[in-house]
Amino acid sequence: MKLDVIKLDGKKAGSVDLGEDIFGLEPRADILHRVVRWQRNKAQAGTHKVKTRSEVSYSTKKIYRQKGTGGARHGARSAPIFRSGGIYKGPTPRSHGHDLPKKFRALGLKHALSAKANAGQLVVIDSADLKDPKTSALAKQVKELGWKRALIIDGAEVNENFAKAARNIEGLDVLPSMGANVYDILKRDTLVLTKAGVEALEARLK
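In terms of numbering that gives the first Met the number 0, the sequence shown opens at residue 0 and continues consecutively.
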C-alpha cells in the first residue's frame with residue numbers, strides 16, 4: 000500500500016510503502032469496540048463510595064420497643080429503610096479494569112490504523128521537527144492543511160519544539176509511537192504519522 004508523503008508546508012516529499020498486514024486490513028467494529036472498552040474501563044477511577052449502615056452518623060439506640068407498637072421491628076435509625084440511613088449493597092471502591100490478551104490489543108491497534116487508511120483519513124508527513132516552538136506558525140500550517148481534529152504520532156520521541164508549539168492548538172494531539180492507542184486514534188478525524196512513526200509502529204506490531 001503506497002501513500003504520498005508531504006511536508007508541514009503541504010509540499011510533496013516522496014512516498015512510503017505501508018504494510019498491508021497493518022494498514023490494509025478490513026476494519027472490524029467488534030474488535031475495535033472490545034479494545035476501546037478495555038481502555039476506558041482501565042482508565043475509570045472506581046472511587047465511588049456510599050455509606051453502609053455501620054458508617055452513617057446515627058445513634059445505635061433502639062428507636063422503640065420490640066413489641067406492642069403495631070409496627071415493624073427496628074433496632075436503629077441507621078436501617079436502610081429510613082431516610083438518611085445506610086445504603087444497602089451500594090457501590091464500593093474497586094477497579095473496573097479487565098484482562099485483554101496482548102495479541103488482541105495489538106490486533107485492535109492494527110484495525111484502528113487500517114480504519115483510518117480505509118476512510119482516507121491517514122496522512123504521512125516527512126517529519127515533525129521545528130526549529131522554533133511558535134504556536135502561531137504551526138497553527139497556520141495546520142489550518143492550511145485542513146486538520147481540524149488531528150492526532151500526530153511521531154517516532155520514539157516527539158520533537159520538543161513541535162510538542163511545545165502544538166500544546167495550545169485546539170483539536171491537535173501529539174504522541175510518541177509507544178503512546179499510540181485505539182481510543183485516541185478513533186477519537187480524531189485525521190491521523191497523521193511521521194515517517195519515523197510509521198517505522199516505529201510497523202516494528203512494534205510485527
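Every residue, glycine too, gets a C-beta built ideally from N, C-alpha and C.
_Boundaries of the alpha helix (DSSP H) in which residue 113 is found, first to last residue_ = First-last of the alpha helix (DSSP H) with residue 113: 101–117.
*With contact counted as at least three CB pairs below 8 Å, one residue from each stretch, are the segment 119–136 and the segment 188–203 in contact?*
Contact holds: three or more Cβ-Cβ distances are below 8 Å.
_Nearest-angstrom Cα separation, counted from residue 168 out to residue 79_ = Whole-angstrom Cα-Cα distance: 51 Å.
*asked:* Judging by CA-CA distance, which residue of 20, 75 and 34 is the nearest neighbour of residue 60?
replied: Among 20, 75 and 34, the Cα nearest to that of residue 60 belongs to 75.
*residue 178 - DSSP class collapsed to helix/strand/coil*: Of the three classes helix, strand and coil, the one that applies to residue 178 here is helix, per DSSP.
*Taking only runs that begin and end inside the segment 124–192, name each unbroken alpha helix (DSSP H) of 4 or more residues, in chain order.*
Scanning the segment 124–192 for uninterrupted alpha helix (DSSP H) segments of 4 residues or longer gives 134–144, 159–165 and 181–186, listed from N- to C-terminal end.
*If residue 115 sits next to residue 184, beta carbons under 8 Å apart, how far is it from one beta carbon to the other, in whole angstroms?*
Contact between residue 115 and residue 184 holds: their C-beta atoms lie close to 6 Å from each other, under 8 Å.
*Does DSSP put residue 8 in a helix, in a strand, or in coil?*
For residue 8, the secondary structure class from DSSP, reduced to helix, strand or coil, is coil.
*Put residue 16 into one of helix, strand or coil per three-state DSSP.*
In the structure shown, residue 16 sits in a strand (DSSP, three-state: E or B).
*Whose CA, out of 105, 28 and 171, lies closest to the CA of residue 146?*
It is 171 whose Cα lies nearest to the Cα of residue 146.
_For residue 84 and residue 221, believed in contact at Cβ under 8 Å, the rounded distance_ = Past the edges of the chain, shown from 0 to 205, lies residue 221, and the structure says nothing about it.
*So, is residue 161 buried or exposed, given that buried needs 16 or more other C-beta atoms within 10 angstroms?*
Around the beta-carbon of residue 161, 16 or more other beta-carbon atoms lie within 10 Å, marking it buried.
*asked:* What does the alpha-carbon distance come out to for the pair residue 13 and residue 198?
replied: The alpha-carbon atoms of residue 13 and residue 198 are separated by roughly 16 Å.
*Among all the DSSP beta bridges, which residues are the ones paired with residue 122?*
In the DSSP output, where bridge partners are listed per residue, residue 122 has 191.
*Could you round the C-beta distance between residue 45 and residue 93 to whole angstroms and report it? I think they count as a contact, below 8 Å.*
The Cβ separation is near 5 Å, so the contact holds.
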